[in-house]
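**Student:**
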Amino acid sequence: CRSCLVKYLEENNTCPTCRIVIHQSHPLQYIGHDRTMQDIVYKLVPGLQEAEMRKQREFYHKLGLEVPGDIKGETCSAKQHLDSHRNGETKADDSSNKEAAEEKQEEDGDYHRSDEQVSICLECNSSKLRGLKRKWIRCSAQATVLHLKKFIAKKLNLSSFNELDILCNEEILGKDHTLKFVVVTRWRFKFRDNDQTRHGVVGNAAVLKLRRPQSCVVGEGMVSRP
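Mind the numbering: the sequence shown is residues 46 to 271 in our numbering, read in order.
Here is the structure:
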């Protein structure tokens, strides 16, 4: 699982299965979710997706928190899909197809506004990089660091998002990490009340630092990090 892999890579830089070097210094940046495999597993194992969604809902209810919209949406969609097959219903009817198309169009136009949201403060940490005019953003917790890098690169007119590093608590963030993962593992447990005053933070917004990629030593020479 991901947690086991992350713990393993804190001490190692090789694949635990084939022992191939993932990356000499930042192996965590080169791992990501295999969503295709996840979809295949959900299709092969009956009821697994529904069980996972149920456990997540129970977790949020137990803590007295509101269930995120993405979990609600996936659960309802899966339940409707199962009910339609059990009842022998079909969607060959033109009016049904039209309604389904309209519903899908509404979902696509949501732009993840119904997802769990996170607050982010983006601060420039390099004299070679100009700061953002509006450094406060609020977006879906499912957005990744790569999404954030592309957004910032566009705002700062950078030729490539690879010209940018994003850090949290002085640690470079992997491009496939979701913002929810970053807030929970890199920011939440190190957040202190006096940080709010020092950074001008509103609520529990995570402070992320921006900088140009630094060169790293490989062997006897200096090379620029890709």
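Here a beta-carbon is modelled for each residue, glycine too, at the ideal position from N, C-alpha and C.
Quick one: Cα of residue 170 to Cα of residue 100, how far?
**Tutor:** 40 Å
**Student:** Rounded to the nearest angstrom, how far is the Cβ of residue 191 from that of residue 177, given a contact under 8 Å?
**Tutor:** Between residue 177 and residue 191 the Cβ distance is about 18 Å, and since that is not below 8 Å, they are no contact.
**Student:** Quick one: is residue 86 buried, meaning 16 or more other Cβ sit within 10 Å of its Cβ, or exposed?
**Tutor:** The residue in question, residue 86, is exposed, as its Cβ has fewer than 16 Cβ neighbours within 10 Å.
**Student:** In the structure shown, what three-state DSSP assignment does residue 163 receive?
**Tutor:** strand
**Student:** Find out if the Cβ-Cβ distance for the pair residue 223, residue 189 is shorter than 8 Å.
**Tutor:** Yes, they are a contact pair.
**Student:** Can you tell me the Cα-Cα spacing of residue 60 and residue 70, whole angstroms?
**Tutor:** 14 Å
**Student:** Can you look up residue 73 in the DSSP assignment and give me helix, strand or coil?
**Tutor:** helix
**Student:** With a threshold of 7 Å on Cβ separation, who are the neighbours of residue 216 within its own chain once the five nearest residues in sequence on each side are excluded?
**Tutor:** Listed in chain order, the non-local C-beta contacts of residue 216 below 7 Å within the same chain comprise 231, local neighbours out to five positions each way being set aside.
**Student:** Between residue 209 and residue 203, which are expected to be in contact by the criterion C-beta below 8 Å, what is the C-beta distance as a whole number of angstroms?
**Tutor:** 6 Å
**Student:** Where are the beta strand (DSSP E) runs, 3 residues long or more, that stay fully inside the segment 177-212, in chain order?
**Tutor:** 181-185
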